[in-house]
Amino acid sequence: MSVTTEKEKEKEYDINTVTEKELNEIPRFKPWVLYNCSFKEKVLMICSFIFLFGWLRLIIQIFWHFFLAETLRLLTIGQDPNKPYSKFRKTLVSKWSSFWSRIMMFTLGYWWIEVKGKENLKKFKKQTKNRIFISNHQTLEDVPLLNYLVGCSFLSKEALSKVPLIGTTNTLIQGMYMSRKKSNTWLKEEIQNRYKNDDYIPLCVFAEGTTTNGKGVLQFRKGLFESGYTIHPIKIQFKGGLPFKFSEVSYTYQSVPFLFISILCNIINFVEVTYLEPYEPSEEEKKDSILFANNVRKKYIEQTGLPPYQGSYRDFVEYEKVLKTIRKRGTQNKKKTK
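Under numbering that gives the first Met the number 0, the first residue of the sequence shown carries the number 0, and numbering increases by one thereafter.
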């Protein structure tokens, strides 16, 4: 993947004059570009959210999450989620969270979930009991969706551990947290520990390290691949819904309130999940995590048909900052015109 130098970045745009359209055309920012709803479309979506009881489903969703978090507390009393559960407790916690994750997805409008490549999942289960999954990451719904389908916990950013309900649930299903600012040298050892001990709930890692619009594949972060174990890639593709096929569920720069409006303005939402072929590293890849990560990414691109994306998490931070500046400038210009 080509790397954009600082000098090239300076030539890409002038923050004082660049327009949103011009910014969205820059290749390294394309992973986070979303469908830009017109004012009319936004009004229709908000009306649908109100009159089709999207707000009520949101309240029910919060209640389900609260119920799941509190019942998981009861199921794990006296247990340290950072240590192996007994086989019975592991199965109980995994199945219970998986069941309620399906209820949550149903409440969000996902009445049916289209699944492809089931034979690959069966193959993976035969290869190893200690399963590690990777997936693309578009939105908040990825978590209950994957938890329902494969009963996994998640490697998340450290800040999520402090989010009410979400942090509690992921911690109790033996999720892990990493920092974007601090060293994560412990990660390799912890993943190896979990892989060797099948009393841990399976782990899922979002290999790109951030959310995107799902229309391409970012460079994979190497942390997971330092473990050198067989992994199972999964592709998630959200396909809009009814009555608004264009509703955007990807969580990049849009606000959380409008994200929920985009999801719950529809009575029915559509999603397709594909289990790709398990990837077993060679001896050379086990010694070189970057080679391992790059080869898995190549295979992922080959099997999904998605294009490779330029860009990294730093580019997303820059894109979001510049976008806010552009929109603030537009608001100020409107006020001056008035």
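We put the CB at the ideal spot given by N, CA and C, even for glycine.
Asn135 counts as buried, since at least 16 other C-beta atoms from the protein chains shown sit within 10 angstroms of its C-beta. In this chain, Gly53 is not harboured by any beta strand (DSSP E); it is covered by the alpha helix (DSSP H) spanning 53-74.
Leaving aside the five residues that flank Gly208 on each side, the residues in its chain whose CB is nearer than 7 Å to its CB run, in chain order, Arg220, Tyr312.
Apart from the 5 residues on each side of it in sequence, Gln78 sits with its Cβ closer than 8 Å to the Cβ of Tyr84, Arg88 in its chain, given in chain order.
For Phe257, the uninterrupted alpha helix (DSSP H) segment begins and ends at 255-263. For Ile131, the enclosing beta strand (DSSP E) begins and ends at 131-134. For the pair Ser226 and Gly213, the Cα-to-Cα distance works out to about 26 Å.
A distance below 6 Å between beta-carbons, with the five flanking residues on each side excluded, links Ile230 to the following residues of its chain, in chain order: Ile131, Ile133, Tyr278. Between Lys244 and Val204, the alpha-carbon positions lie close to 29 Å from each other. Bounds of any alpha helix (DSSP H) do not take in Cys151, whose DSSP letter is neither H nor E. Out of Leu186, Glu276, Lys297, Thr211, the CA that lies nearest to the CA of Gly222 is found in Leu186. Counting every other CB atom within 10 Å of its CB across the protein chains shown gives Asn35 a total below 16, marking it as exposed. If you ignore the 5 residues before and after Leu67, its C-beta comes within less than 7 Å of the C-beta of Ser96, Trp99, Thr168, all in its own chain and listed in chain order. In this structure, Val32 places its C-beta atom within 8 Å of the C-beta atom of Asn23. Distance from Ser246 to Met44 at the Cβ level is roughly 7 Å; contact confirmed, criterion being Cβ atoms closer than 8 Å.
In this structure, Val216 sits away from Ile289, with a CB-CB distance that is not shorter than 8 Å.
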